[in-house]
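Here the structure is laid out as structure tokens; the discussion comes afterwards.
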Amino acid sequence: MTTYSFNDSELAELKGKTILIIGAASGIGYETVKLAHSNGANVAIGDWNQTEGQAFAAELKERVLFRRCDVSSWDDVLELFQAAWKAFGIIHAVLSNAGINKEDIFRDEIDSKTGKLLPPDLKLLDVNLTGMVSC
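Read left to right, the sequence shown gives residues 1 to 135 (the numbering used here).
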């Protein structure tokens, strides 16, 4: 596995910058927000999980903006970017970190009423591919 270590001078460059991070209520996004915020960055965070996202923003207290954001929804993505711009001005960096995993993506499903093959569930592609492009 590749690792990268930041030195103090690199982290100091975050002070006063605005970082928009999507998929920020848990995991890598969460830790990245903590790192950027603790080094003086304004953070705009988006996540589909409103409860965890709001709690995280409340924990950070200042220089933070949270918006519920489903990256498969263009309207949600646009609203997050507009809110970040309004709150902080220039957005210096974007980390599109949202992603989902679905084990049975290629499983055929049959409609129990009609017996017909159902269309594939494209949510995984909507989040992991379209969402990445949108952000």
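Beta carbons: idealized from backbone N, C-alpha and C, even for Gly. These numbers come from a predicted model, not from an experiment.
How far does the beta strand (DSSP E) with residue i in it extend, from its first residue to its last?
| i | result |
| --- | --- |
| residue 96 | 93–96 |
| residue 23 | From DSSP, residue 23 is part of no beta strand (DSSP E); its letter is neither H nor E. |
| residue 65 | 64–68 |
| residue 47 | 42–47 |
Buried or exposed for residue i, going by 16 or more other Cβ atoms inside 10 Å?
| i | result |
| --- | --- |
| residue 30 | buried |
| residue 6 | exposed |
| residue 53 | buried |
| residue 137 | Outside the shown range of the chain (1 to 135) lies residue 137, about which nothing can therefore be said. |
| residue 14 | buried |
| residue 55 | exposed |
| residue 9 | exposed |
| residue 72 | buried |
Quick one: measure Cβ to Cβ for residue i and residue j, integer angstroms, because I've assumed they're closer than 8 Å.
| i | j | result |
| --- | --- | --- |
| residue 87 | residue 41 | Not a contact, Cβ separation roughly 13 Å. |
| residue 32 | residue 122 | The pair is not a contact, with the Cβ atoms about 28 Å apart (cut-off 8 Å). |
| residue 28 | residue 101 | The pair is not a contact, with the Cβ atoms about 14 Å apart (cut-off 8 Å). |
Grab me the residues of residue i's own chain with a C-beta within less than 7 Å of its C-beta, minus the 5 sequence neighbours each way, in chain order.
| i | result |
| --- | --- |
| residue 109 | 118 |
| residue 67 | 46, 79, 80 and 83 |
| residue 70 | 48 and 76 |
Got a sec? Which residues, its chain only, sit under 6 Å from residue i by beta carbon, not counting five neighbours each side?
| i | result |
| --- | --- |
| residue 11 | 39 |
Identify the continuous alpha helix (DSSP H) that holds residue i and give its terminal residues.
| i | result |
| --- | --- |
| residue 86 | 74–88 |
| residue 16 | Taken as a continuous stretch (DSSP letters only), residue 16 belongs to no alpha helix (DSSP H), as it is neither H nor E. |
| residue 51 | 50–60 |
Leaving aside the five residues before and after residue i along the sequence, list all residues of the same chain whose C-beta is less than 8 Å from its C-beta, in chain order.
| i | result |
| --- | --- |
| residue 37 | 43, 60, 63 and 64 |
| residue 85 | 91 |
Report yes if the C-beta of residue i is less than 7 Å from at least one heavy atom of the ligand NAP; otherwise report no.
| i | result |
| --- | --- |
| residue 24 | Summarising the ligand content, the structure contains no ligands, and the ligand NAP is consequently not present. |
>> Contact between the segment 41–49 and the segment 15–31 is defined here as three or more beta-carbon pairs at a separation below 8 Å; is this criterion met?
In response: Judged by Cβ distances under 8 Å, the segment 41–49 makes contact with the segment 15–31, as three or more pairs qualify.
> Is the number of C-beta pairs between the segment 89–96 and the segment 53–62 that are closer than 8 Å three or more?
Replying inline: no
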